[in-house]
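To keep things clear, I will list the structure first and then write my remarks on it.
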Amino acid sequence: MKISLCNEVLAEHDFARQCELARQMGYDGLEIAPLTVSDEPHLLPASRRTEIRRIAEDAGVPVTGLHYLLRAPEGLSITASDAAVRARTVDVIRGLIALCHDLGGSIIVHGSPAQRRLEPGREDEGRKHGVACWAAIAKDAEQAGVTYCVEPLHQPDANFVNTVEEAAVIVRQIGSPAIRTMIDCSAASIFEKQSVPELIRQWMPSGLIAHMHFNDPNRRGPGDGALQFGPIINALRETGYAGNAAIEPFIYIPDGTTCAARNIGYMRGVIDGLG
Numbered sequence: 016m017k018i019s020l021c022n023e024v025l026a027e028h029d030f031a032r033q034c035e036l037a038r039q040m041g042y043d044g045l046e047i048a049p050l051t052v053s054d055e056p057h058l059l060p061a062s063r064r065t066e067i068r069r070i071a072e073d074a075g076v077p078v079t080g081l082h083y084l085l086r087a088p089e090g091l092s093i094t095a096s097d098a099a100v101r102a103r104t105v106d107v108i109r110g111l112i113a114l115c116h117d118l119g120g121s122i123i124v125h126g127s128p129a130q131r132r133l134e135p136g137r138e139d140e141g142r143k144h145g146v147a148c149w150a151a152i153a154k155d156a157e158q159a160g161v162t163y164c165v166e167p168l169h170q171p172d173a174n175f176v177n178t179v180e181e182a183a184v185i186v187r188q189i190g191s192p193a194i195r196t197m198i199d200c201s202a203a204s205i206f207e208k209q210s211v212p213e214l215i216r217q218w219m220p221s222g223l224i225a226h227m228h229f230n231d232p233n234r235r236g237p238g239d240g241a242l243q244f245g246p247i248i249n250a251l252r253e254t255g256y257a258g259n260a261a262i263e264p265f266i267y268i269p270d271g272t273t274c275a276a277r278n279i280g281y282m283r284g285v286i287d288g289l290g
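The sequence shown maps to residues 16 to 290 in the numbering used here.
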């Protein structure tokens with residue numbers, strides 16, 4: 016299993032330096048938050064896309080995918096009652112699918128909890144809108160060769176799709192090979208009734224899990240909290256997981272660079288220790 020770094024952890028550095036540091040630390044790739052490359056990442060010029068891909072590949076940490084999708088541009092939502100807002104959001108998502116393809120990535124993680132909030136009193140309507148938006152981009156993902164993951168996130172951060180089971184219902188409803196779900200270790204540890212290893216053992220055989228985010232329920236990275244990753248790695252191996260993972264802390268103590276180095280060191284130690 017290859018492990019990427021979510022690049023906003025190193026956002027204090029320019030992209031070339033992010034790649035250099037990630038490779039030196041022992042990461043296999045970078046999972047990019049689009050807002051780190053542009054205020055309008057879906058409109059990023061072809062020349063800049065080529066440059067980003069070249070820098071990452073030359074450094075030995077190719078772009079593996081995108082996450083944290085809809086922070087830029089502002090005003091996006093897949094659940095808004097305003098049809099114009101939803102239409103604009105779908106257009107942006109289509110642009111980000113193309114961006115992922117152009118950068119050489121194969122995974123898109125749709126977290127973005129603030130951009131999928133259910134409006135009070137319109138929850139049922141909002142859920143239908145959200146599913147419709149994901150269904151609308153399925154063919155785009157298929158054609159781009161990108162797997163688009165509906166990411167379950169915990170409350171109160173998100174009030175739409177909090178569990179793997181909820182995400183699985185949506186994925187099956189859409190029925191596209193390009194729409195899948197994933198497990199975020201932090202969110203799952205906070206909100207799911209089962210442990211992360213139990214979730215893996217239940218859902219991995221379904222074929223619906225296409226990605227993993229490694230982080231701790233304290234919102235720091237692996238090894239910076241109480242969550243034990245040995246059992247998680249064992250469960251992934253037992254279920255024949257063939258995908259990749261990304262390290263995604265949200266709190267950086269003392270800083271992002273130090274955390275990124277410590278987190279991959281911990282994960283390599285866990286994996287090597289298990290043989």
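Don't be surprised by glycine CBs; every beta carbon is placed ideally from N, CA and C.
Since this is a predicted model, take the numbers as computed values, not measurements.
Fewer than three Cβ pairs drawn from the segment 227–234 and the segment 47–64 lie within less than 8 Å of each other, which leaves the two stretches out of contact. By DSSP's assignment, Tyr163 forms a beta bridge with Ile123 and Ile194. Under the DSSP assignment, Glu23 falls outside any alpha helix (DSSP H); it carries neither an H nor an E label.
When rounded, the separation of the alpha-carbon atoms in Ala98 and Ala87 is 19 Å.
Only exposed fits Ser221, as fewer than 16 other CB atoms lie within 10 angstroms of its CB.
Within the model, the alpha-carbon separation for Leu114 versus Leu36 is close to 23 Å.
The straight-line gap separating the alpha-carbon atoms of Thr196 and His28 is approximately 31 Å. Taking each of Arg69, Thr94 and Val161 in turn and checking the Cα distance to Glu138, the smallest one comes out for Thr94.
With distances taken between CA atoms, Gly190 lies nearest to Lys154 out of Pro246, Gly126 and Lys154. Separation of Val211 and Asn230 (C-alpha to C-alpha, rounded to the nearest whole angstrom) is 11 Å.
Under DSSP, the beta-bridge partners assigned to Asp199 are His228. The three-state secondary structure of Gly44, taken from DSSP, is strand.
Cα atoms of Val24 and Val78: separation of roughly 15 Å, rounded to the nearest angstrom. Taking C-alpha positions only, Trp218 is separated from Ile224 by approximately 7 Å. 9 Å or more divides the Cβ of Ile122 from the Cβ of Val146. By the Cβ-count criterion, Ala48 is buried, with 16 or more other Cβ atoms from all chains shown falling within 10 Å of its own Cβ.
Counting of Cβ neighbours within 10 angstroms places Gly271 among the buried residues, the total reaching 16 or more. Here Phe265 has Arg234 as same chain residues with Cβ atoms under 6 Å from its own Cβ, once five neighbours each way along the sequence are excluded.
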